[in-house]
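With the first letter of the sequence shown counted as 1, position 143 gets the number 142 in numbering that gives the first Met the number 0; the numbers rise by one all the way through.
Here is the structure we will look at.
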Amino acid sequence: MMALQVRDLKRHFGGVRALDGVSFELAAGHCVALIGPNGAGKSTCFACLAGQLQAQSGQVLWAGQPLLGLSPAQRLQRGVARTFQVAQTFEALTVLQNLQLVLSAGKLSWWDRLDQRSAQAAEAFLEAMDLQPMRHAVVADLSYGAKKRLELAMALAGWPDARIGTSAEVPRLLLLDEPAAGLAPAERQTMMALVRRVADSGVTVLYTEHNMDAVFGVADRVLVLMQGRLVADGRPEQVAQDPRVRQDYLGQ
Ligand code: ADP
Ligand code: MG
């Protein structure tokens with residue numbers, strides 16, 4: 000059975016059909032890119048999967064369970080984590096404090112209660128995202144690349160079984176909205192290698208992009224969205240040959 004099953008997902012904004020009947024399935028542990036030009040509906044798709052927006056119709060099953068109608072927190076409880084196109088972090092706090100907040104699931108009322116347990120738990124995520132050297136840096140002072148890596152670390156730390164005081168293991172779906180956008184080429188490469196590593200650890204990953212260059216060597220498969228509809232689906236080298244993709248999207 001496919002881990003994620005999306006059927007005929009629709010979301011309109013007035014007359015704009017942001018998602019106009021989108022259907023696809025993802026196999027567990029695959030790393031899949033959702034590409035398409037600006038306005039194609041990629042972020043809307045993520046918001047409908049993670050719960051920030053309600054779909055108007057359609058069905059979404061994750062690990063066999065329906066997701067639509069659940070809150071973002073309930074979806075996270077079932078293993079659906081996400082990042083945003085613009086990194087969402089606490090700017091005035093340090094890298095470590097940002098992670099500690101997620102790991103302690105917002106249960107803390109004062110910073111001085113950020114305890115040793117959450118500091119220890121944070122180490123694994125700092126290491127996974129190459130953030131140890133800047134653990135005490137204030138987020139506002141980070142490069143954009145480091146901020147994007149912190150956001151990814153926070154998404155990983157947000158799963159129920161990563162958090163302090165919870166133990167339920169859940170199948171993990173990670174939705175990354177333009178993880179490499181705005182990054183310099185070297186940072187882009189680092190970020191995409193980290194994304195691939197997360198997928199190799201058994202997480203099902205769906206990420207958006209508008210360039211094919213963050214797809215080759217990273218994605219197992221590519222879905223192409225245009226004007227709210229999927230127009231191509233295949234391995235990166237197949238999709239790059241698709242005449243519609245070449246003409247409408249790659250401009251060739
Ligand atoms: P992408 O992420 O692929 O660039 P989006 O999902 O952000 O595309 O947008 C798809 C379409 O839906 C666009 O035409 C956009 O203007 C519209 N749209 C997205 N969010 C909203 C919103 N909250 N209100 C009105 N229109 C929206
Ligand atoms: Mg977007």
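Virtual Cβ for every residue (Gly too), placed ideally from N, Cα, C.
Legend entry - Local Cβ density within 10 Å of residue 165, reported as buried at 16 or more and exposed below that: exposed
Legend entry - Supposed contact pair residue 239 and residue 211 - C-beta distance, whole angstroms, cut 8 Å: 6 Å
Legend entry - Where the beta strand (DSSP E) through residue 83 begins and ends: Note, residue 83: premise wrong, no beta strand (DSSP E); not H, not E.
Legend entry - Uninterrupted alpha helix (DSSP H) stretches inside the region 142-214 (no shorter than 4 residues): Correct list: 143-156, 184-199.
Inset, instruction - Output yes or no for whether 8 Å exceeds the beta carbon distance between residue 79 and residue 5. - result: no
Legend entry - Pair within 8 Å by beta-carbon distance, residue 69 and residue 156: In this structure, residue 156 does not lie closer than 8 Å to residue 69 by Cβ.
Inset, instruction - Starting from the Cα of residue 22, find the closest Cα among 228, 173, 245, 120 and give me that residue. - result: 228
Legend entry - Boundaries of the alpha helix (DSSP H) in which residue 123 is found, first to last residue: That run of the alpha helix (DSSP H) goes 115-127.
Inset, instruction - Flag residue 207 as yes when its Cβ comes closer than 7 Å to any non-hydrogen atom of the ligand MG, and as no otherwise. - result: Yes.
Inset, instruction - Compare the Cα-Cα distances from residue 39 to each of 75, 140, 208 and report the closest residue. - result: The shortest CA-to-CA distance from residue 39 to any of 75, 140, 208 is the one to 208.
Legend entry - Through-space distance from residue 55 to residue 7, alpha-carbon basis: 10 Å
Legend entry - When 140, 85, 45, 41 are compared against residue 181, the one with the closest alpha-carbon: 85
Inset, instruction - Pull up the distance between the alpha-carbon of residue 41 and that of residue 224, whole angstroms please. - result: 7 Å
Legend entry - Uninterrupted alpha helix (DSSP H) stretches inside the region 35-66 (no shorter than 4 residues): 41-49
Legend entry - Distance between beta carbons of residue 194 and residue 217, contact taken as under 8 Å: 6 Å
Inset, instruction - When you get a sec, list the residues whose CB is within less than 5 Å of any heavy atom of the ligand ADP, chain order please. - result: 12, 15, 17, 37, 38, 39, 40, 41, 42, 43
Legend entry - C-beta atoms of residue 184 and residue 169 nearer than 8 Å: no
Inset, instruction - Answer yes or no: the CB of residue 177 versus the heavy atoms of the ligand MG, is any distance below 7 Å? - result: yes
Legend entry - Same chain only: Cβ atoms within 7 Å of residue 52, ignoring 5 sequence neighbours per side: 10, 43, 46
Legend entry - Chain-order list of residues whose beta-carbon lies under 6 Å from that of residue 219 (same chain, five-residue window excluded): 29, 30
Legend entry - Buried versus exposed, by CB contacts within 10 Å (16 or more), residue 35: buried
Legend entry - Cutoff 6 Å; reference residue 24; Cβ partners in own chain excluding five residues on either side: 1, 4
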